[in-house]
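Residue numbers (the working numbering): 13 to 129.
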């Protein structure tokens with residue numbers, strides 16, 4: 013078999029395989045919450061914020077770090093996304109925010125918004 017025919021057959025096979033996989037329905041969403049999105053998982057994620065933002069999001073008085081407890085969830089999401097997208101400068105938060113999914117950010121924002129100030 014010539015190299016030209018072999019390349020043609022390889023390209024045709026690749027095209028057929030791509031078309032077949034494109035016709036498959038997307039996988040169903042899991043019927044359970046990811047471990048980090050359960051109540052316990054969100055509390056665990058929030059605990060990682062305590063080093064700078066204080067226990068349950070209550071920063072130390074006089075600290076230059078924002079308290080998160082009792083803040084509006086939409087505001088927290090907006091600020092986290094600004095850090096994540098590099099639209100808000102920070103010493104470390106832009107790197108930390110990139111490690112969270114949108115669902116984790118929303119869950120953390122909800123958690124901190126429910127904490128008393």
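In this text, a Cβ means the ideal position worked out from N, Cα and C, and glycines have one as well. Just so it is clear, the structure is predicted and the values come from calculations on it, not from any experiment.
Contact between the segment 84 to 99 and the segment 121 to 129 is established, with three or more Cβ pairs separated by less than 8 Å. With the rule of 3 Cβ pairs closer than 8 Å, the segment 61 to 70 does not count as touching the segment 45 to 53. In chain order, 65, 66, 69, 70, 71 and 129 place their CB closer than 8 Å to the CB of residue 79, counting only its own chain and leaving out the 5 sequence neighbours on each side.
Assignment of residue 77 by DSSP, reduced to helix, strand and coil, places it in the coil class. The C-alpha of residue 113 lies about 30 Å from the C-alpha of residue 73.
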